[in-house]
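In this note's numbering, the protein residues as written are 3 to 117. Every residue gets a Cβ at the ideal spot worked out from N, C-alpha and C, and that includes glycine. Encoded as structure tokens, the structure appears first; notes follow it.
Quick look at the structure:
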């Protein structure tokens, strides 16, 4: 396969996975089963950072010693849920809020501890 075809297939597979996650979440909320925070806490290489507007936060990338399948799964959940800085992903019992920023570093997951 060519590199372009492989990249296109990866994008398609990620979108398909995100659609499956969205379906599972919609069914899960009806049955009291949702995404667990372990989906995100298993990611490695969290780096601390700070911003003027949001204060202290952390981020990790696909390449930061993360298992690519676990990272793609977590990233897909956030992408499916349109989780961005204004619409952060979290659930009851989560310690952190999670999001991605499409205009920032590609394939980066951010988190900020709940107050």
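Buried or exposed, going by whether 16 or more other CB atoms sit within 10 Å of the CB of residue 1? Since the displayed the chain opens at 3 and closes at 117, residue 1 lies outside it and no answer follows.
Count the other CB atoms within 10 Å of the CB of residue 91; is the residue buried (16 or more) or exposed (fewer)? buried
Under 8 Å by Cβ, that's how I've got residue 116 and residue 99 pegged, so tell me the actual separation to the nearest angstrom. Right, their Cβ atoms sit about 6 Å apart.
May I ask you to list the residues that DSSP assigns as paired with residue 101? 112
By the 10 Å Cβ neighbour count, where 16 or more other Cβ atoms means buried, how is residue 17 classified, buried or exposed? exposed
Just how far apart, CA to CA, sit residue 23 and residue 38? 12 Å
So if DSSP puts residue 51 in a beta bridge, which residue, or which two residues, is it bridged to? 59
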